[in-house]
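J.: Dropping the structure in here first, questions after.
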Amino acid sequence: MKINMNNLPTGSICQMEEFLKSNSEIAMQISKDKERYDFIRDVLIKTHYKKLKRKEKMIVQKYLKFLTGYSKGHIKKLISTWKKGLLFFNPTRVINKFAVKYFTSDIARLIDTDVAHGCLNGKSTKEIMRREFEVFGKKEYANIANISVSHLYNIRNNNLQYESSEALFFKHTQSTQVNIGIRRKPFPNGVPGFLRIDTVHQGDLDGVKGVYHINIIDEVTQYEMIATVKGISHHFLKPVIETLLNSFPFEIHEFHSDNGSEYINKIVAKLLTDLMINQSKSRARKTNDQALVESKNASIVRKLFGRNFIDQKFAKIINEFNEKYVNIYLNYHRPCLFSEDRFDRLGKIKKNYSQSMTPYEKLKSLENSSQYLRNGITFENLDKVAYSESDNDFGKKMMTTKKELFEKINKITV
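Each residue of the sequence shown is one higher than the one before, starting from 0 at the first, in numbering that gives the first Met the number 0.
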């Protein structure tokens with residue numbers, strides 16, 4: 000749009016501010032450099048720019064930037080020149096330009112390389128282009144092979160030829176789309192059978208992997224099962240997961256994990272489909288999705304087995320200990336805290352952990368709790384497991400067995 004400079008406000012800050020608000024969406028620029036310089040000098044003189052307050056100076060700078068098309072930095076530079084009394088347009092000035100070093104044909108070779116390799120890091124890309132020229136004798140790579148890594152990234156980020164090419168697709172890491180599991184937080188609504196699962200690694204030693212503990216817990220009742228395996232490949236995990244799921248006395252509705260490949264894979268997905276169990280996975284940047292099972296990793300798994308390295312060859316005897324003692328202890332003899340949610344006067348949820356009971360007692364306390372049990376399982380049979388020994392007696396037995404187990408492990412390890 001052509002501008003009649005005679006109609007523009009040049010001396011009133013208020014008029015300039017109003018002008019910017021009313022014309023912010025209209026493209027208006029003074030076209031000739033001489034007119035721009037004259038206009039800037041005229042505005043600075045009429046507004047008594049040197050005496051203005053900081054906020055008023057900002058308005059003048061925005062006004063000049065809007066009408067001249069100059070950048071903010073260039074406007075400041077021109078104002079600084081005006082303060083020295085040197086702001087005059089020089090039509091004979093020479094604008095220095097850098098010589099073009101990398102031509103369209105060179106950029107095309109970079110694009111070919113990025114497309115072929117999926118846009119590797121700068122050093123690797125430069126090395127490939129060097130090899131294309133020096134090792135494989137492709138003369139078209141002679142110039143681009145000498146590019147610096149930093150300038151290579153400049154081309155990737157700012158070059159129009161590059162940005163309009165298919166290489167732009169590979170510029171950022173492309174996430175692998177895995178259509179296994181629904182990305183959501185489970186909502187059990189007071190119904191047991193919504194499980195959270197996680198893996199706890201028992202450390203490495205000299206490049207040798209230790210055992211892995213599989214920890215799976217129900218969100219409502221805090222029913223918990225632990226198993227120990229040699230590795231987290233499907234060869235080890237599939238039978239263990241199936242055994243753990245069948246160990247819960249109630250029907251399972253949903254299986255929730257993080258995004259680790261040990262659980263987000265076709266083998267686990269097929270197992271859960273066969274058992275008619277929904278599969279979900281944690282959402283991005285929602286760390287509380289796995290909060291319950293991760294807290295149990297620390298308060299139970301690490302407390303039982305510590306953090307020191309345990310060789311994979313002991314996985315079988317540790318898992319036998321889990322089946323005979325740990326899982327029974329956790330669900331029938333170890334009380335857990337359960338919260339009562341209340342709303343304060345501001346509408347925020349306040350959790351009061353006033354209830355303390357074992358997971359089994361929590362299951363029995365649910366309204367019409369027998370409806371949740373699996374076929375063939377009754378509370379009468381479960382009572383025999385829960386009340387055959389006192390909490391202290393069973394706890395002492397478990398700790399004694401644990402001591403013997405670790406003495407055996409330490410003796411063989413040493």
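By construction, the Cβ of each residue, glycine as well, lies at the ideal position given by its N, Cα and C atoms. Small disclaimer: the values here were computed from a predicted structure and weren't measured.
Given a cut-off of 8 Å on the beta-carbon distance, is the pair V59 and L66 in contact?
T.: Here the question's residue 59 lines up with position 60 in the sequence shown. Here the question's residue 66 lines up with position 67 in the sequence shown. No, the pair does not count as a contact, with Cβ atoms beyond the cut-off.
J.: Between G192 and I179, what straight-line distance do the alpha-carbon atoms span, to the nearest angstrom?
T.: In the sequence shown, the residue the question calls residue 192 occupies position 193. In the sequence shown, the residue the question calls residue 179 occupies position 180. Straight-line Cα distance between these residues: approximately 20 Å.
J.: For the putative contact between E223 and N330, defined by C-beta atoms under 8 Å, what is the C-beta separation to the nearest angstrom?
T.: Your numbering for residue 223 matches position 224 in the sequence shown. Your numbering for residue 330 matches position 331 in the sequence shown. The Cβ separation is near 6 Å, so the contact holds.
J.: Suppose you measure from the CA of G375 to the CA of K347; what does that come to, to the nearest Å?
T.: Residue 375 sits at position 376 when you count from the first residue of the sequence shown. Residue 347 sits at position 348 when you count from the first residue of the sequence shown. Each residue's Cα considered, the two are about 43 Å apart.
J.: Can you list, in chain order, the stretches of the alpha helix (DSSP H) that have 4 or more residues and sit fully within the region 279-304?
T.: The qualifying runs are 290-295.
J.: Exposed or buried, which one is L159 when buried takes at least 16 other CB atoms within 10 Å?
T.: The residue given as residue 159 occupies position 160 in the sequence shown. Looking at its Cβ environment, which holds fewer than 16 other Cβ atoms inside 10 Å, L159 is exposed.
J.: Given T400, which residues of its chain have a CB within under 7 Å of its CB, disregarding the five upstream and five downstream residues?
T.: Within the sequence shown, the letter at position 401 stands for residue 400. Excluding residues within five positions, the ones whose Cβ falls inside 7 Å are F320 and Y324.
J.: Can you give me the Cβ contacts of N326 inside the same chain, cut-off strictly under 6 Å, excluding the 5 residues immediately before and after it?
T.: Against the sequence shown, residue 326 aligns to sequence position 327. Hits under 6 Å: M224.
J.: I need the DSSP call for I12, collapsed to helix, strand or coil.
T.: As a working note, residue 12 is residue 13 in the sequence shown. Correct three-state label for I12: helix.
J.: Give me, in chain order, the residues of the same chain whose beta-carbon lies closer than 7 Å to that of K363; leave out the 5 immediate sequence neighbours on both sides.
T.: Along the sequence shown, read from residue 1 onward, the residue named residue 363 stands at position 364. Hits under 7 Å: F378.
J.: For L271, collect the residues of the same chain with a Cβ closer than 6 Å to its Cβ; drop the 5 residues on either side in sequence, then sort them by chain order.
T.: Reading the sequence shown from its first residue, position 272 is the one you call residue 271. F254 and Q278, listed in sequence order.
J.: Could you tell me if T198 is buried or exposed, where buried requires 16 or more neighbouring beta carbons within 10 angstroms of its beta carbon?
T.: Within the sequence shown, numbered from 1, the residue matching residue 198 stands at position 199. Per the 10 Å Cβ criterion, buried.
J.: What are the start and end residues of the alpha helix (DSSP H) that includes D217?
T.: Translated into positions along the sequence shown, residue 217 becomes position 218. Segment Y211 to D217 is the beta strand (DSSP E) holding D217; no alpha helix (DSSP H) there.
J.: Could you please give the first and the last residue of the uninterrupted beta strand (DSSP E) stretch that includes N351?
T.: Position 352 of the sequence shown, counted from the start, is the residue given in the question as residue 351. I348 to M356 is the extent of the beta strand (DSSP E) around N351.
J.: State the beta-bridge partners of V207 as determined by DSSP.
T.: Here the question's residue 207 lines up with position 208 in the sequence shown. In the DSSP output, where bridge partners are listed per residue, V207 has L204.
J.: How big is the Cα-Cα spacing for K269 and G230?
T.: As a first step, residue 269 must be located in the sequence shown, where it is residue number 270. As a first step, residue 230 must be located in the sequence shown, where it is residue number 231. Taking the straight line from one Cα to the other gives about 20 Å.
J.: Just the Cα atoms here: how many angstroms apart are R306 and I196?
T.: For the purposes of this step, residue 306 is taken as the residue at position 307 of the sequence shown. For the purposes of this step, residue 196 is taken as the residue at position 197 of the sequence shown. C-alpha separation (whole angstroms): 19 Å.
J.: So for F393, helix, strand or coil by DSSP?
T.: In the sequence shown, residue 393 corresponds to position 394, counting from 1. It is helical.
J.: Around the Cβ of N53, are there at least 16 other Cβ atoms within 10 angstroms (buried) or fewer (exposed)?
T.: Indexing the sequence shown from 1 puts residue 53 at position 54. In the sequence under discussion, the amino acid at residue 53 is Arg, which differs from the Asn named in the question. R53 is exposed by the Cβ-count criterion.
J.: Do T220 and K361 have their beta-carbon atoms positioned less than 8 Å apart in this structure?
T.: For this step, residue 361 is matched to residue 362 along the sequence shown. For this step, residue 220 is matched to residue 221 along the sequence shown. Yes.
J.: Can you give the Cα-Cα distance for T124 and C118, rounded to whole angstroms?
T.: The count along the sequence shown starts at 1 and reaches residue 124 at position 125. The count along the sequence shown starts at 1 and reaches residue 118 at position 119. Looking at the two C-alpha atoms, the distance is approximately 8 Å.
J.: Going by DSSP, what residues sit across from D340 in a beta bridge?
T.: The sequence position of residue 340 within the sequence shown is 341, counting from 1. In DSSP, D340 forms a bridge with K350.
J.: The alpha helix (DSSP H) spanning F38 covers which residue range?
T.: As a working note, residue 38 is residue 39 in the sequence shown. It spans D32 to K45 - the alpha helix (DSSP H) in which F38 sits, taken as one unbroken run.
J.: Would T357 and R333 be called neighbours here (beta carbons separated by less than 8 Å)?
T.: Here the question's residue 357 lines up with position 358 in the sequence shown. Here the question's residue 333 lines up with position 334 in the sequence shown. It is a contact, given that the beta carbons lie within the stated cut-off.
J.: One question on the structure: do I106 and Y140 come within less than 8 Å of each other, judged by their Cβ atoms?
T.: By 1-based counting over the sequence shown, the position of residue 106 is 107. By 1-based counting over the sequence shown, the position of residue 140 is 141. Going by C-beta atoms, I106 is not nearer than 8 Å to Y140.
J.: Taking a contact to mean a Cβ-Cβ separation below 8 Å, would you say L291 touches I240 in this structure?
T.: Your numbering for residue 291 matches position 292 in the sequence shown. Your numbering for residue 240 matches position 241 in the sequence shown. Their beta carbons are not under 8 Å apart, which means L291 does not touch I240 by this criterion.
J.: Assuming the contact rule is C-beta atoms closer than 8 Å, V300 and N214 should be a hit. Round their C-beta distance to whole Å, please.
T.: Within the sequence shown, the letter at position 301 stands for residue 300. Within the sequence shown, the letter at position 215 stands for residue 214. About 6 Å; that satisfies the 8 Å criterion.
J.: Short of 7 Å in beta carbon distance, which residues of its chain neighbour I146, apart from the five on each side in sequence? Order them along the chain.
T.: By one-based count along the sequence shown, residue 146 stands at place 147. Correct list, in chain order: Y101 and K125.
J.: Buried or exposed: R155, going by 16 or more other Cβ atoms within 10 Å of its Cβ?
T.: In the sequence shown, residue 155 corresponds to position 156, counting from 1. Looking at its Cβ environment, which holds 16 or more other Cβ atoms inside 10 Å, R155 is buried.
J.: Excluding five sequence neighbours on each side, which residues of the same chain lie with their C-beta closer than 8 Å to the C-beta of Y328?
T.: In the sequence shown, the residue the question calls residue 328 occupies position 329. Here the set comprises F393, G394 and M397.
J.: Note down, in chain order, each residue of its chain lying with its Cβ closer than 7 Å to the Cβ of N218, except the 5 sequence neighbours on either side.
T.: In the sequence shown, residue 218 corresponds to position 219, counting from 1. According to the sequence provided, residue 218 is Glu. The question's Asn does not apply to it. Around E218: P185, P187, F193, R195 and L291.
J.: If distances are taken between C-alpha atoms only, which option among N318, D273 and R282 comes closest to F405?
T.: One-based indexing of the sequence shown puts residue 405 at position 406. It is N318 whose Cα lies nearest to the Cα of F405.
J.: Compute the Euclidean distance between the alpha carbons of T134 and I127, then round it to the nearest angstrom.
T.: The residue labelled residue 134 in the question sits at position 135 within the sequence shown. The residue labelled residue 127 in the question sits at position 128 within the sequence shown. Note that residue 134 is Val in the sequence shown, not Thr. Spanning the two alpha carbons is a distance of roughly 10 Å.
J.: Taking the alpha carbon of S104 as the reference point, which residue from A115, K33 and K138 has its own alpha carbon closest?
T.: Position 105 of the sequence shown, counted from the start, is the residue given in the question as residue 104. With distances taken between Cα atoms, S104 lies closest to K138.
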